[in-house]
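Take a look at the structure below.
Residue numbers (the UniProt record's numbering): 1 to 764.
Printed below as a string of structure tokens:
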């Protein structure tokens with residue numbers, strides 16, 4: 001979620017008043033804003049997308065709730081020591097959190113372990129351990145519409161009789177100390193991005209948020225005027241018409257068997273009725289196609305922790321496979337491929353398959369990704385129910401990612417096209433009229449230059465590094481992962497360095513290359529990549545032959561509040577994943593909206609950005625998905641590229657020989673070995689095209705006016721990438737609710753009671 005203060009002031013239309021009032025008190029608002037900790041309760045794009053969605057849902061007047069876990073420790077703080085990443089605990093609640101309100105009156109029990117007893121009356125889950133879920137509510141204000149929604153985060157608490165109720169020998173002190181075991185559930189965020197780690201505590205976290213949330217939803221449903229229907233129908237008949245639940249990836253997939261358990265075991269609904277309601281309630285968003293990211297929980301772990309849920313999953317699977325077998329008799333391989341249970345070695349539950357079978361809609365997060373989901377990853381399921389599969393291209397909130405972080409540009413745009421674009425970003429197309437307006441071109445360039453100077457000052461103050469604000473700011477910020485190919489950027493840096501040294505007199509367009517992002521603590525290769533970047537920076541930044549032509553900065557502890565500073569100052573945005581690996585990306589959209597040009601592959605939302613702006617207004621290079629597939633078919637041989645490309649060979653040889661690590665010449669052996677022998681993401685295959693494309697970037701940067709005109713064309717085409725547009729599509733195509741841009745009257749104005757009734761009662 002990042003910081004809340006400035007976002008709240010903007011959405012409430014109070015920013016100027018607050019700035020003035022604080023100034024009158026002899027204080028500086030910006031200094032005050034810098035004191036607030038980031039709420040870092042997610043890993044990367046997935047968590048930030050949810051935050052943007054909450055802002056859009058409130059701005060569109062949807063009756064929507066965001067549910068999650070109130071981690072005591074969020075994503076770790078990253079320190080760089082001697083070029084290595086070191087993790088520190090993110091004690092973000094140390095000074096308290098003024099934005100949250102504990103709601104002990106809505107505390108709910110969550111059960112674990114135990115056993116299942118079957119009888120005539122049905123199944124009973126007994127002898128369980130109970131953990132209490134304590135909700136904390138954070139307000140989510142819409143933009144200037146007097147709407148405030150709720151984000152409800154659950155914290156784990158031990159019941160007061162924890163470890164004291166059973167035949168206890170009387171170790172009272174130990175019993176109280178053991179309360180930590182229950183409360184550890186919400187202690188810390190697992191810091192993996194795009195990687196599945198099958199730990200028991202993680203599964204506990206996933207079920208904890210699901211069980212508490214579903215009880216909360218059902219309590220609200222039963223209390224609402226929609227809960228009661230005629231005596232003939234089951235009270236739950238209207239449930240899917242009043243409740244929509246969107247599964248943000250498979251992490252909350254246990255909600256499907258949990259809702260079935262509530263309907264069948266507790267509410268005593270017949271299975272078929274319960275299943276129909278469940279399917280109509282849930283929809284699933286897939287966020288990745290990387291196999292190592294897909295959740296596959298061992299059956300024996302689920303059996304121990306959630307025995308009733310395993311039985312329900314088996315029953316769901318049996319009925320699912322019976323259905324497939326009736327359609328495709330004798331096709332045992334299809335049954336194996338489509339089963340929720342993977343046999344062979346340890347039996348595992350494929351959570352994506354559970355989500356697909358248990359939902360009425362499945363979507364990817366960019367056109368190209370949704371196609372891959374349909375035709376490759378889940379092709380058997382899409383063949384069965386093609387109408388279930390959709391696309392919903394991701395978006396970003398223009399409130400935080402333009403108004404808040406780039407007020408200079410936001411104001412400049414408002415002067416030209418009015419202020420309405422903030423709620424309807426498609427109006428940015430009006431900027432096309434000004435693409436040849438010399439004054440506007442100069443003003444856009446001026447705002448960018450001011451942002452660059454401001455960021456340069458920040459770097460100098462915080463990190464004691466001096467950079468040249470007139471150099472091109474070439475920025476690559478995102479989680480560190482092999483598929484995102486920070487290594488390819490690193491090879492380009494080394495190539496530029498070698499070119500400068502080879503011919504120091506030759507004209508070189510000065511660059512400041514900024515790379516930032518966190519590596520999962522257990523991801524060895526990602527940590528080596530950080531070390532390599534820092535080792536290269538050390539050499540480049542201290543070579544007198546290079547001077548101010550090339551600087552390399554590794555941006556420590558990349559997070560939302562740092563993104564808000566670096567993105568408005570960026571000239572070139574690096575979006576260089578191997579085609580077919582980045583589901584969408586959202587950083588790409590933030591850079592586009594803030595006047596950076598993109599160098600990127602035809603991957604994720606880059607494809608649609610090129611479609612909107614015109615491919616000639618992005619620096620697109622490298623293999624397309626088809627080329628990657630063809631290369632896989634032929635077999636990727638890294639050695640071929642090394643032998644064929646002298647500059648690549650030179651860069652690799654330098655890393656290999658210890659040129660960047662003279663004290664430890666073999667330091668980067670693992671990286672080199674990976675690049676030659678098991679590089680799934682084919683860095684060498686795109687290296688040549690990337691370097692050539694970067695030459696075109698430098699050439700255009702020399703012509704400031706042509707560069708800025710291309711920037712304006714990009715901003716004018718960024719309207720599609722508002723999360724408001726994304727949420728309108730979810731609302732209409734999946735949740736069956738109508739967004740309203742009606743402004744609720746403020747509380748001090750009398751309301752017409754007739755207008756108080758909302759036509760549609762569905763809550764998302």
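Even for Gly, the Cβ is constructed at its ideal location relative to N, Cα and C. Predicted, not measured: the structure shown is a model, and the values here were computed from it.
With DSSP as the reference, label residue i as helix, strand or coil.
i: residue 181; result: helix
i: residue 512; result: strand
i: residue 16; result: helix
i: residue 121; result: coil
i: residue 148; result: strand
i: residue 45; result: helix
i: residue 159; result: coil
i: residue 207; result: helix
i: residue 651; result: helix
i: residue 285; result: strand
i: residue 109; result: strand
i: residue 756; result: Residue placement at residue 756 is poorly supported in this model, since its pLDDT is 41, which falls under 50; the coordinates are not used for a value here.
i: residue 92; result: coil
i: residue 761; result: Unreliable placement is indicated for residue 761, whose pLDDT of 43 sits below 50; the coordinate value is still reported in the next sentence. Looking at residue 761 - three-state DSSP - the assignment turns out to be coil, as it is neither helix nor strand.
i: residue 347; result: coil
i: residue 465; result: coil
i: residue 39; result: strand
i: residue 738; result: coil
i: residue 646; result: helix
i: residue 342; result: strand
i: residue 523; result: coil
i: residue 131; result: strand
i: residue 690; result: helix
i: residue 188; result: strand
Excluding the 5 residues flanking residue i on each side, which residues of the same chain have their C-beta closer than 7 Å to its C-beta?
i: residue 240; result: 277, 280 and 281
i: residue 328; result: 334
i: residue 617; result: 710, 713 and 714
i: residue 90; result: 40, 73, 74, 75, 76 and 77
i: residue 508; result: 500 and 549
i: residue 676; result: 638 and 639
By Cβ distance, which residues of its chain are closer than 6 Å to residue i, with the 5 residues on each side in sequence left out?
i: residue 338; result: 324 and 380
i: residue 757; result: Legend: pLDDT at residue 757 = 37, less than 50; position of this residue unreliable, value from coordinates given subsequently. Cβ within range, chain order: n/a, list empty.
i: residue 144; result: 13
i: residue 707; result: 700 and 701
i: residue 9; result: 15 and 18
i: residue 137; result: 101, 103, 150 and 152
i: residue 44; result: 193 and 479
i: residue 560; result: 2 and 38
i: residue 127; result: 114 and 115
Would you list the one or two residues that DSSP bridges to residue i?
i: residue 473; result: 512
i: residue 136; result: 102 and 153
i: residue 659; result: Beta-bridge pairing links residue 659 to no other residue.
i: residue 362; result: 284 and 389
i: residue 722; result: 396
i: residue 80; result: 85
i: residue 620; result: 600
i: residue 65; result: 150
i: residue 126; result: 115
i: residue 141; result: 148
Using a C-beta cutoff of 8 Å, does residue i count as contacting chain D?
i: residue 728; result: Judged by its chain identifiers, the structure shown contains no chain D, having just a single protein chain.
Just to confirm my understanding: we take residue i, look at its own chain, exclude 5 residues before and 5 after, and list those with CB closer than 8 Å. What are they?
i: residue 316; result: 256, 257, 260, 275, 340, 354, 357 and 358
Below 8 Å, how does it come out for the segment 131-142 and the segment 154-162: are there three or more Cβ pairs, yes or no?
yes
What residue ranges within the segment 374-426 form continuous beta strand (DSSP E) runs of no fewer than 3 residues, ordered along the chain?
389-391
Which parts of the segment 526-609 are runs of the beta strand (DSSP E), unbroken and 3 residues or longer, counting only runs that do not cross its ends?
550-555, 572-575 and 597-600
Of all the beta strand (DSSP E) runs that stay within the bounds of the segment 212-279, which reach a length of 3 or more residues?
245-248
Check whether the segment 97-117 touches the segment 251-260, counting contact only when three or more Cβ pairs, one atom from each stretch, lie closer than 8 Å.
no
Stretch-stretch touch, CB-based, cutoff 8 Å, three pairs: the segment 498-508 with the segment 529-536:
no
So within the segment 287-318, which uninterrupted alpha helix (DSSP H) runs reach at least 4 residues, ignoring any that extend past its ends?
299-305
Is it the case that the segment 689-700 contacts the segment 393-406, given that we only count it when at least three CB pairs across the two stretches are under 8 Å?
no
Hey, is the segment 26-37 in contact with the segment 111-122, meaning 3+ C-beta pairs nearer than 8 Å?
no
Any contact of the segment 586-595 with the segment 640-658, i.e. 3+ C-beta pairs under 8 Å?
no
Are three or more beta carbon pairs between the segment 727-741 and the segment 387-396 nearer than 8 Å?
yes
Would you say the segment 560-573 touches the segment 584-591, given that touching needs at least three Cβ pairs under 8 Å?
yes
Between the segment 182-192 and the segment 56-71, do three or more beta carbon pairs fall short of 8 Å?
yes
Is there contact between the segment 362-374 and the segment 280-298, where contact requires at least three CB pairs shorter than 8 Å?
yes
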